[in-house]
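Q:
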Amino acid sequence: MLVDTTVFITGATSGIGRSCAEAFARAGARLLLCGRRADRLAKLAATLDTEVHVFGLDVQDRDAVSAAVEGLDPDWAGIDVLVSNAGLAAGLAPLHEGDPEDWDRMIDTNVKGLLYVTRAVVPGMVTRGRGHVINIGSIAGHETYPNGAVYCASKAAVDRITQGLRLDTLGSGVRVSTVDPGMVETEFSVVRFHGDAERAEQVYQDLDPLTPDDVAEAVVWVADRPSHVQVAQVVLLPSDQASATRFARRG
Ligand SMILES: NC(=O)c1ccc[n+]([C@@H]2O[C@H](COP(=O)([O-])OP(=O)(O)OC[C@H]3O[C@@H](n4cnc5c(N)ncnc54)[C@H](OP(=O)(O)O)[C@@H]3O)[C@@H](O)[C@H]2O)c1
């Protein structure tokens, strides 16, 4: 059912977004891919066996987001599926000692960036009477973990925005879903620890995290349900994780 559908994925340069691009390409979709590291997007596009249009975009930049979507060639403007994946955690510190620059990056990307993309893309879906928004949330949006209050708050906001969009588009033909993973091994922790790869590696030590392909498989499944089926939320955990704070480490 995804053959020739137009799928727009934010944050496709790495991790879950990149795996989603590969999985949707295998399903026959045509892809609009963005992220800030445009060089990576060009390399990824060359490996995908489908029609792909890539563009560098920082979702924190509201004007750039609306210009990018408004400026799409008519052949690309009919977005069928939006995967709002671009996001990050920055820092891991008690709230009263946290770095406000980290807070700004998380809120500006995970919350405001997702809103800007939603605002740019969803009106076209409503006009066409069909579309599917799949937001990448997190188990962190369901529970707060120590030293992660702002990231968890940003993902709780994604959960509420998803619910709100589902209510506001009811009856329009637009479906709204979230896929909320637990621990996935990507560049996420390297970004969180500001490039400290050794510290990032420790996050995944002695357990089997999800892979970005595991999450992409769920996202494609959500997108590929018949049009009368709206998957509200998928929560996907590694078998070694029971909650945002409980892990089985075998070290
Ligand atoms: N890894 C986990 O354990 C986990 C668990 C639950 C949820 N998530 C969520 O999954 C999503 C993807 O994360 P990931 O684990 O795949 O991490 P990742 O490997 O670091 O990928 C993050 C992606 O987001 C993009 N991005 C970040 N800031 C952006 C911006 N301002 N504008 C445009 N693109 C931006 C990055 O591209 P550029 O840097 O090139 O812009 C990159 O493509 C995030 O929303 C994250 O919160 C991750």
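In my numbering, the protein residues as written are 6 to 256.
From the three backbone atoms N, C-alpha and C, an ideal C-beta is built for every residue, glycine too.
1) Is it the case that the Cβ atoms of L100 and A145 are separated by a distance below 7 Å?
2) Could you round the C-beta distance between V220 and L241 to whole angstroms and report it? I think they count as a contact, below 8 Å.
3) According to the Cβ coordinates, are L92 and D104 closer than 7 Å?
4) Under 7 Å, do G16 and N90 count as touching if we go by C-beta distance?
5) Of the choices L170, A51 and N152, whose alpha-carbon is the least far from that of N140?
6) For ligand 3, I want to know if D213 counts as a neighbour, meaning its beta carbon is within less than 6 Å of at least one of the ligand's heavy atoms.
7) Buried or exposed: which applies to A94, given that a residue is buried once 16 or more other Cβ atoms fall within 10 Å of its Cβ?
8) State the start and end residues of the unbroken beta strand (DSSP E) segment that holds I141.
9) Count the other CB atoms within 10 Å of the CB of G200; is the residue buried (16 or more) or exposed (fewer)?
10) Closest by CA to L36, which one among A202, R254, W81 and R42?
11) Under 6 Å from any heavy atom of ligand 1, does the C-beta of A3 make it?
12) For W108, which residues in the same chain have their Cβ closer than 7 Å to its Cβ, ignoring the five residues on either side in sequence?
13) Counting only the same chain and skipping the five closest in sequence on each side, list residues whose C-beta sits under 6 Å from that of L194.
14) Is S19 a contact residue of ligand 1, with contact defined as CB to any heavy atom under 6 Å?
15) What did DSSP end up calling R254 once you bin it into helix, strand or coil?
16) Is there at least one non-hydrogen atom of ligand 1 closer than 6 Å to the beta-carbon of T191?
A: This is what the structure gives:
1) Walking along the sequence shown from the start, residue 100 turns up at place 95. Walking along the sequence shown from the start, residue 145 turns up at place 140. No, these two residues do not count as a Cβ contact at 7 Å.
2) Locating residue 220 in the sequence shown gives position 215, where the first residue counts as 1. Locating residue 241 in the sequence shown gives position 236, where the first residue counts as 1. That belief holds up - the Cβ atoms of V220 and L241 are roughly 6 Å apart, short of 8 Å.
3) Taking the sequence shown and counting its residues from 1, one reaches residue 92 at position 87. Taking the sequence shown and counting its residues from 1, one reaches residue 104 at position 99. According to the sequence as given, residue 92 is Gly; it is not Leu. Result no, Cβ atoms of G92 and D104 do not sit closer than 7 Å.
4) Numbered from its first residue, the sequence shown carries residue 16 at position 11. Numbered from its first residue, the sequence shown carries residue 90 at position 85. A contact, by the Cβ cut-off of 7 Å.
5) Mapped onto the sequence shown, residue 140 falls at position 135. Answer by Cα proximity: L170.
6) With respect to ligand 3, the structure shown offers nothing to examine, as its ligands consist of ligand 1.
7) The count along the sequence shown starts at 1 and reaches residue 94 at position 89. So A94 counts as buried.
8) Translated into positions along the sequence shown, residue 141 becomes position 136. G136 to I141 is the span of the beta strand (DSSP E), which, as asked, contains I141.
9) As a position in the sequence shown, residue 200 is number 195, starting the count at 1. G200 is exposed by the Cβ-count criterion.
10) Walking along the sequence shown from the start, residue 36 turns up at place 31. Ranking A202, R254, W81 and R42 by Cα distance to L36 puts W81 first.
11) Residue 3 is absent from the model: the chain starts at 6 and stops at 256.
12) Locating residue 108 in the sequence shown gives position 103, where the first residue counts as 1. Closer than 7 Å at Cβ, skipping near neighbours: V155.
13) Within the sequence shown, numbered from 1, the residue matching residue 194 stands at position 189. Before going further, note that residue 194 is Ser rather than Leu in the sequence given. Excluding positions up to five away in sequence, the list reads A205 and V208.
14) Within the sequence shown, residue 19 is the residue found at index 14, counting from 1. Yes, ligand 1 has a heavy atom inside 6 Å of this Cβ.
15) Start at 1 with the first residue of the sequence shown, and residue 254 comes out as number 249. Of the three classes helix, strand and coil, the one that applies to R254 here is coil, per DSSP.
16) Within the sequence shown, numbered from 1, the residue matching residue 191 stands at position 186. Because some heavy atom of ligand 1 lies under 6 Å away, the Cβ of T191 counts as near it: yes.
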